[in-house]
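> Numbering of the sequence shown is given in the working numbering, commencing with residue 3 and proceeding in unit increments. Glycine included, each C-beta is placed from N, C-alpha and C at the ideal position.
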Amino acid sequence: MINNDILRSVRYMLDLSDAHIVAIAKLADYDLAKEDVAACLKKEDEEGYLELGDEAMAYFLDGLVFHKRGKDESRPAQPIELPMSNNMALKKLRVAFELKEEDMHSILAAAGFDVSKPELSALFRKKDHKHYRSCGDQLLRNFLKGLTLRLRG
């Protein structure tokens with residue numbers, strides 16, 4: 003899934019301003035220009051569109067975790083993993099919103115996208131694990147849709 007789509011979804015879900023997105027990225031010690039945020043939120047065919055890179059997306063999602071859960075200054079920041087994957091985005095969103103397995107299932111079900119327990123747990127395994135499964139765009143899109151329904155009512 004394109005990073006810009008994830009950013010747009012989270013922005014709508016939490017009703018964030020461009021300045022708020024910049025502030026969230028700053029929580030992870032990443033400087034994101036307000037002009038770049040505006041350009042990333044444009045549609046691909048609009049003039050001035052800017053593709054959000056994996057590094058910026060990873061730091062934004064880390065900042066979202068800090069924004070939602072607080073930052074533990076006693077623990078060193080974890081290095082970001084690149085390239086950014088749908089699995090990583092899903093994992094960071096799960097952590098940010100403190101979602102349990104049951105929450106994940108109900109969010110996906112609310113979006114009309116049912117997955118089994120083994121399918122879901124496979125998305126959170128390490129890439130070299132034999133039961134690892136790559137998170138598809140459709141699953142991530144439906145998860146974002148279901149999470150938006152949950153948060154915006």
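1. Comparing alpha-carbon positions, which option in Val-12, Leu-52, Gly-65 and Lys-44 lies nearest Tyr-32?
2. Whole angstroms is fine: what's the gap from Arg-77's alpha carbon to Asp-47's?
3. Between the Cα of Gly-148 and those of Ser-136, Asp-130, Phe-99 and Lys-132, spot the shortest distance and give me the residue it belongs to.
4. Would you decide whether Ile-4 is buried or exposed? Buried here means 16 or more other CB atoms lie within 10 Å of its CB.
5. So the alpha helix (DSSP H) Cys-137 belongs to, where does it begin and stop?
6. Pick helix, strand or coil for Phe-62, following the three-state DSSP scheme.
7. Does the beta-carbon distance from Leu-16 to Phe-68 come in below 7 Å?
8. Does the contact criterion of 3 or more C-beta pairs under 8 Å hold for the stretch 51 to 64 versus the stretch 100 to 107?
9. If distances are taken between C-alpha atoms only, which option among Lys-45, Glu-83 and Ile-23 comes closest to Leu-128?
10. Grouping DSSP H, G and I as helix and E and B as strand, with all else coil, what is Glu-75?
In this structure, then:
1. Closest option to Tyr-32, Cα to Cα, is Gly-65.
2. Distance from the CA atom of Arg-77 to the CA atom of Asp-47, rounded to whole angstroms, is 42 Å.
3. Out of Ser-136, Asp-130, Phe-99 and Lys-132, Phe-99 has the C-alpha closest to the C-alpha of Gly-148.
4. Counting every other CB atom within 10 Å of its CB across the protein chains shown gives Ile-4 a total below 16, marking it as exposed.
5. Per DSSP, Cys-137 belongs to no alpha helix (DSSP H) and is neither H nor E.
6. In the structure shown, the three-state DSSP call for Phe-62 is helix.
7. One thing to note: Leu-16 has its Cβ no nearer than 7 Å to the Cβ of Phe-68.
8. No contact exists between the stretch 51 to 64 and the stretch 100 to 107.
9. Residue identity check: residue 128 is Lys in the sequence provided, not Leu. Answer by Cα proximity: Glu-83.
10. DSSP, read as helix, strand or coil, puts Glu-75 in coil.
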